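Protein chains: 4
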Amino acid sequence: MKRDEAPGRAEFPLFETITTRWMDQDAYGHVNNVEYYSYFDTAVNQHLIETAGLEPRTTDVVGMVVDTQCSFFRELTFPEVIEVGIRVAKLGRTSIRYEIGIFKKEDPRPAAFGSFVHVYVERESMTPTPLPPHILAAVEPLVV
Amino acid sequence: MKRDEAPGRAEFPLFETITTRWMDQDAYGHVNNVEYYSYFDTAVNQHLIETAGLEPRTTDVVGMVVDTQCSFFRELTFPEVIEVGIRVAKLGRTSIRYEIGIFKKEDPRPAAFGSFVHVYVERESMTPTPLPPHILAAVEPLVV
Amino acid sequence: MKRDEAPGRAEFPLFETITTRWMDQDAYGHVNNVEYYSYFDTAVNQHLIETAGLEPRTTDVVGMVVDTQCSFFRELTFPEVIEVGIRVAKLGRTSIRYEIGIFKKEDPRPAAFGSFVHVYVERESMTPTPLPPHILAAVEPLVV
Amino acid sequence: MKRDEAPGRAEFPLFETITTRWMDQDAYGHVNNVEYYSYFDTAVNQHLIETAGLEPRTTDVVGMVVDTQCSFFRELTFPEVIEVGIRVAKLGRTSIRYEIGIFKKEDPRPAAFGSFVHVYVERESMTPTPLPPHILAAVEPLVV
Chain C
-15 MKRDEAPGRA EFPLFETITT RWMDQDAYGH VNNVEYYSYF DTAVNQHLIE TAGLEPRTTD
45 VVGMVVDTQC SFFRELTFPE VIEVGIRVAK LGRTSIRYEI GIFKKEDPRP AAFGSFVHVY
105 VERESMTPTP LPPHILAAVE PLVV
Chain L
-15 MKRDEAPGRA EFPLFETITT RWMDQDAYGH VNNVEYYSYF DTAVNQHLIE TAGLEPRTTD
45 VVGMVVDTQC SFFRELTFPE VIEVGIRVAK LGRTSIRYEI GIFKKEDPRP AAFGSFVHVY
105 VERESMTPTP LPPHILAAVE PLVV
Chain Z
-15 MKRDEAPGRA EFPLFETITT RWMDQDAYGH VNNVEYYSYF DTAVNQHLIE TAGLEPRTTD
45 VVGMVVDTQC SFFRELTFPE VIEVGIRVAK LGRTSIRYEI GIFKKEDPRP AAFGSFVHVY
105 VERESMTPTP LPPHILAAVE PLVV
Chain X
-15 MKRDEAPGRA EFPLFETITT RWMDQDAYGH VNNVEYYSYF DTAVNQHLIE TAGLEPRTTD
45 VVGMVVDTQC SFFRELTFPE VIEVGIRVAK LGRTSIRYEI GIFKKEDPRP AAFGSFVHVY
105 VERESMTPTP LPPHILAAVE PLVV
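Just so you know, the sequences run in chain order C, L, Z and X.
Just so we're aligned, residue -15 is where the first sequence starts under my numbering, counting upward by one.
Just so we're aligned, residue -15 is where the second sequence starts under my numbering, counting upward by one.
Just so we're aligned, residue -15 is where the third sequence starts under my numbering, counting upward by one.
Just so we're aligned, residue -15 is where the fourth sequence starts under my numbering, counting upward by one.
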């Protein structure tokens, strides 16, 4: 995706704030591409824990990540604080496709934009299972 | 991408070996999805450092990651040793699109498959620049 | 060190706030011990970048970490926000010994307490060099 | 500890091999100090999983890290492969104190040397508990 085509701040219903870390930077002195995905994972799970009451240690039904993607538009550097926009692009029977924008403070355009797909499975059997009601309730307001 | 459609071992001309780490695992007790991208980045840079003589601390021309993607098919757990297959799907004037397969030992099918695009830029100006000859020489044998 | 002997909040002149991440947690479902050191490194470097104007990409004089230590008293779990207390226990001619406390929100006692020693060196020769004036000015107020 | 005082290769009964990663390097272009502790944690847990049959997902008795320390003597850079020496300096009723040396290939002197203390607890109550027999059997040969 081209930077000019990526959705702006107004197109995300929810933001989570993440502090960058010294170690996020690689030998090129900028935040390494891999870390952006840790921001994706952190923002989505933070919402699910705080809003849906997800308890990762004990839950029998787990959202497994089956597909992720990211386009990178601008460098980030430590100690920037970033704002992670989250929206739900597709809500299936057993899966959720999130779209994520990574924003620098006061920048209306994203530094990166990507997607993140969870399929819900029973932890033991790894069999897909319908989205649990508490998860559904937490993500429905994010559908765009 | 479906697991059955992903390329097998024979379709990768080069493999790098990576040892997993205790910390790669998240609260679900498997390697977190983010880490797969660190395997991508590690395998590609290892090839460029060892074969093209890339010197990250001093090079004026840098491969910037502009787009990455990964489909996840099977869980990995520590202390598995993994083999990372690398091939070049597209060689442009200023960019390289790698495709990467993550394989468990003795498994002919990948646990994950994704892509990784480098655009070469002058470090100071961030202006795209033609692929340097030493990089080109190192990646041409990987074109499929 | 025993938890009861570790310094409380009032004994730290400066705090930096850090958001935990999903991936900080290991297979035991708590923040992995290794991450605490990334909080140390992040808090100290954030202070030096923001207060001393440290520019890691270009500086010729670098603080090399020569010794670190941490005692762990309480588990942390994502998505806790933590507060990292920093003080300077010893200011030498070429080195700084920081002491760091990791605090949960509203907890007067630290979840962990440790130390972190920087020796300043010329980047090229790796020879110890006196603390630069801008670094000295940034850390003197933290001496206890 | 001074580099010259640190134990050499011959003083470690066991070694685990770890591949460094691109992202281990920070903005100074060398492996960040934090990563050394991930090598400690990885080497010890690899031994316990492979030799003691530790199953982190299901075990009721867990080794909690209560204290770690590291002295850094030499820089490491990606893509070095490192060898992690492990020995047991103290075997208590409920705890194990490991000492760890990080070695570059073919270097008899360590690049770093540190310690790592596990206290065994019942996972639910977090109460210290005697070392389980399978753990004891795996670490007794490492006592020096």
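Where is the CB? At the ideal position from N, CA and C, for every residue including glycine.
It should be emphasised that the depicted structure is a prediction, and the values quoted were computed from it without experimental measurement.
Same chain only: Cβ atoms within 6 Å of residue i, ignoring 5 sequence neighbours per side
| i | result |
| --- | --- |
| Gly69 of chain C | Phe(-4), Phe(-1) and Gly85 |
| Leu38 of chain Z | Leu32 |
| Phe24 of chain L | Ile84 and Phe100 |
| Glu59 of chain Z | His14 |
| Asp91 of chain L | none |
| Leu75 of chain X | Val127 |
| Pro116 of chain X | Val45 |
Cβ-Cβ separation, residue j to residue i (assumed contact under 8 Å), whole Å
| i | j | result |
| --- | --- | --- |
| Arg(-13) of chain L | Arg93 of chain L | 7 Å |
| Ala11 of chain L | Gln9 of chain Z | 4 Å |
| Val46 of chain X | Val105 of chain X | 6 Å |
| Gly98 of chain C | Thr52 of chain C | 7 Å |
| Ala(-10) of chain X | Ala122 of chain X | Actually they are not in contact, since the Cβ atoms of Ala(-10) of chain X and Ala122 of chain X sit about 25 Å apart, beyond 8 Å. |
| Thr4 of chain Z | Glu64 of chain Z | 5 Å |
| Val18 of chain C | Val28 of chain L | 12 Å between Cβ atoms; not a contact. |
When the options are compared against residue i, the one with the closest alpha-carbon
| i | options | result |
| --- | --- | --- |
| Met7 of chain Z | Z:Phe62, Z:Ile80, Z:Arg81 and Z:Ala122 | Z:Phe62 |
| Ile66 of chain C | C:Glu(-11), C:Ala36, C:Val103 and C:Ser22 | C:Ser22 |
| Glu124 of chain L | L:Val15, L:Arg77 and L:Val18 | L:Arg77 |
| Arg(-7) of chain X | X:Glu64, X:Ile80 and X:Lys89 | X:Lys89 |
| Phe100 of chain C | C:Pro114, C:Asn16, C:Glu(-11) and C:Tyr82 | C:Tyr82 |
| Ser109 of chain C | C:Asp44, C:Phe24, C:Pro40 and C:Ala36 | C:Asp44 |
| Pro112 of chain X | X:Ser79, X:Leu60 and X:Ala36 | X:Ser79 |
| Ile119 of chain X | X:His102, X:Asp91 and X:Asn16 | X:His102 |
| Thr42 of chain Z | Z:Asp91, Z:Met(-15) and Z:Arg107 | Z:Arg107 |
Contact set for residue i: own chain, Cβ-Cβ below 7 Å, skip 5 residues either direction
| i | result |
| --- | --- |
| Gln175 of chain Z | No information on residue 175 of chain Z is available, as it lies outside the stretch -15 to 128 that chain Z covers here. |
| Ala96 of chain Z | Tyr20, Cys54, Ser55, Phe56, Phe57 and Ile86 |
| Leu126 of chain C | Pro(-3), Leu(-2), Ile70, Arg71 and Val72 |
| Glu34 of chain C | none |
Contact list for residue i against chain Z, beta-carbon separation under 7 Å
| i | result |
| --- | --- |
| Asp10 of chain L | Trp6, Met7 and Gln9 |
| Val46 of chain X | Tyr12 |
Cut-off 8 Å between Cβ atoms - residues of its own chain near residue i, not counting five sequence neighbours on either side
| i | result |
| --- | --- |
| Pro114 of chain Z | Arg77, Thr78 and Tyr104 |
| Met(-15) of chain X | Ser55 and Phe97 |
| Asn16 of chain Z | Asp8, Gln9 and Asp10 |
Neighbour list for residue i in chain Z, Cβ cutoff strictly below 9 Å
| i | result |
| --- | --- |
| Asp25 of chain C | Arg5, Trp6 and Met7 |
Partner residues on chain X for residue i, Cβ-Cβ distance less than 8 Å
| i | result |
| --- | --- |
| Arg138 of chain L | The first residue shown for chain L is -15 and the last is 128, placing residue 138 of chain L beyond what the model contains. |
| Thr1 of chain Z | Those do not exist, as Thr1 of chain Z stays about 19 Å from chain X at its closest Cβ, beyond 8 Å. |
| Val18 of chain C | Met7 |
Contact set between residue i and chain C, taken where Cβ atoms lie within less than 7 Å
| i | result |
| --- | --- |
| Asn29 of chain X | Chain C residues near Asn29 of chain X: none, gap ~19 Å exceeds 7 Å. |
| Asp91 of chain L | Neighbours of Asp91 of chain L on chain C: none; closest Cβ ~16 Å, over 7 Å. |
Listed by chain order, chain L residues near residue i by CB distance under 8 Å
| i | result |
| --- | --- |
| Ile84 of chain X | Those within 8 Å of Ile84 of chain X in chain L number zero; the least Cβ separation is about 13 Å. |
| Ser22 of chain X | Arg5, Trp6 and Met7 |
Within chain C, the residues that residue i reaches when beta carbons sit closer than 9 Å
| i | result |
| --- | --- |
| Thr111 of chain L | Simply none; closest approach about 14 Å. |
Beta-carbon neighbours of residue i, restricted to chain L and to distances below 9 Å
| i | result |
| --- | --- |
| Glu34 of chain X | Pro63 |
Listed by chain order, chain A residues near residue i by CB distance under 7 Å
| i | result |
| --- | --- |
| Val49 of chain Z | The chain labelled as chain A is not found among the protein chains of the depicted structure, namely C, L, Z and X. |
- prompt: Which runs of the alpha helix (DSSP H) fall wholly inside the stretch 2 to 90 of chain X and span at least 4 residues, in chain order?
  reply: Listed in chain order, the complete alpha helix (DSSP H) runs (minimum 4 residues) inside the stretch 2 to 90 of chain X are 17 to 35.
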